[in-house]
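Residue numbers (my numbering): 666 to 799.
All remarks here apply to the structure that follows.
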Ligand code: CO
């Protein structure tokens, strides 16, 4: 069902400093910050040859990233995003297997303008999983 690793997301306490570290210290190709109000985050994508890193920073007081950074003040890996061909078919199969889909269970539009869903980390070895239809 899952295809390519689309990105690994890292929640960061200082988006500008993290982007600059990837640009200079790690020598990566770093994109511009984008606000994603539907998800309560500001994101910066870092292009790597086979995947991307998504730097996540809270946008707004009820951002889901606020709690994560409160528990992980220096930041940390937040989720992995896998590509799927058909997000509704993937969702239905996962739900039939007992996995919990976060939120309403309906896909939202993600940072790449494509439908995404998140799966409960307790059902996947402590790892929050994002599925993105490509
Ligand atoms: Co993501």
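We treat Cβ as the ideally placed atom computed from N, Cα and C, and that holds for glycine.
Under 8 angstroms between C-beta atoms, does residue 701 make it to chain B?
-> The chain labelled as chain B is not found in the depicted structure, where only one protein chain is given.
Residue ranges of each beta strand (DSSP E) run of no fewer than 3 residues wholly in the segment 693-720, ordered along the chain?
-> 699-701, 706-712
Beta-carbon proximity list for residue 694, same chain, < 6 angstroms, skipping 5 on both sides = 712
Go through its chain and collect everything with a Cβ distance to residue 725's Cβ below 6 angstroms, but skip five positions before and after it.
-> 705
Exposure label - residue 676; buried when at least 16 CB within 10 Å | buried
Taking 8 angstroms as the cut-off, decide whether the C-beta atoms of residue 716 and residue 670 are in contact.
-> yes
Smallest Cα separation from residue 690: which of 697, 682, 666?
-> 682
Would the beta-carbon of residue 744 fall within 8 angstroms of that of residue 795?
-> yes
Name the DSSP bridge partner or partners of residue 782?
-> 796
How big is the Cα-Cα spacing for residue 788 and residue 767?
-> 11 angstroms
Range covered by the alpha helix (DSSP H) that runs through residue 867 | Residue numbering for the chain in the displayed model covers 666 to 799; residue 867 lies beyond these limits and cannot be assessed.
Cα-Cα separation, residue 718 to residue 686 = 13 angstroms
Beta-carbon proximity list for residue 727, same chain, < 8 angstroms, skipping 5 on both sides = 705
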